[in-house]
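**Q** Everything in the sequence shown is counted per the numbering used here, starting at 6 for the first residue and increasing by one.
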Amino acid sequence: MRLDIYRRPENGGHYSYLAVPEGRQIPEEATNVDWETAERSIDFDENDDLLPEFAIEDPVEQISAKGYAITSVKNLIEISHNL
Numbered sequence: 006m007r008l009d010i011y012r013r014p015e016n017g018g019h020y021s022y023l024a025v026p027e028g029r030q031i032p033e034e035a036t037n038v039d040w041e042t043a044e045r046s047i048d049f050d051e052n053d054d055l056l057p058e059f060a061i062e063d064p065v066e067q068i069s070a071k072g073y074a075i076t077s078v079k080n081l082i083e084i085s086h087n088l
């Protein structure tokens with residue numbers, strides 16, 4: 006699967022990320038935030054259950070359910086505590 010990745014700034018200089026299948030628009034419920042393009046057309050193995058470089062868990066499951074996958078707030082908190 007190929008994904009387009011978007012990002013938005015969060016507290017502490019971190020980013021949260023949104024992954025959508027390549028070429029698809031960000032779903033309407035997620036467009037109320039100013040997402041900027043981070044990467045286009047990245048290859049993702051659908052058997053993986055993590056996009057670690059973007060702190061996104063269960064991307065295939067999230068995309069199947071919502072049309073996109075997003076960084077968990079829990080992961081942002083963990084990243085902040087590890088610094």
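For glycine and all other residues, C-beta sits at the position ideal for the given N, C-alpha and C.
Counting Cβ pairs closer than 8 angstroms, one from the segment 39-47 and one from the segment 62-80, do we hit at least three?
**A** no
**Q** How long is the line joining the alpha carbons of Leu8 and Asp63, rounded to whole angstroms?
**A** Residue mapping note: residue 8 aligns to position 3 of the sequence shown, counting from 1. Residue mapping note: residue 63 aligns to position 58 of the sequence shown, counting from 1. If I take the Cα positions, the gap works out to 14 angstroms.
**Q** For Leu23, does the count of other Cβ atoms within 10 angstroms reach 16, so buried, or fall short, so exposed?
**A** Within the sequence shown, the letter at position 18 stands for residue 23. The residue is buried, with at least 16 neighbouring Cβ atoms inside 10 Å.
**Q** What residue range is occupied by the uninterrupted beta strand (DSSP E) comprising Ile10?
**A** Here residue 10 is taken as the residue at index 5 of the sequence shown, counted from 1. Here the beta strand (DSSP E) through Ile10 covers Arg7 to Pro14.
**Q** Can you tell me which of the three DSSP states Ile68 falls into?
**A** Taking the first residue of the sequence shown as position 1, residue 68 is located at position 63. Ile68 falls in the helix class under three-state DSSP.
**Q** Quick check on Ser21: buried or exposed, where buried means 16 or more other Cβ atoms within 10 Å of its Cβ?
**A** Reading the sequence shown from its first residue, position 16 is the one you call residue 21. Buried is the call here.
**Q** Kindly indicate which residue of Pro14, Arg13, Glu27 and Asp53 has the alpha-carbon position closest to the one of Tyr73.
**A** If you number the sequence shown from 1, residue 73 lands on position 68. The residue with the shortest Cα to Cα distance from Tyr73 is Glu27.
**Q** Less than 8 angstroms between the beta carbons of Phe49 and Leu55, yes or no?
**A** Locating residue 49 in the sequence shown gives position 44, where the first residue counts as 1. Locating residue 55 in the sequence shown gives position 50, where the first residue counts as 1. It is not a contact, given that the beta carbons lie outside the stated cut-off.
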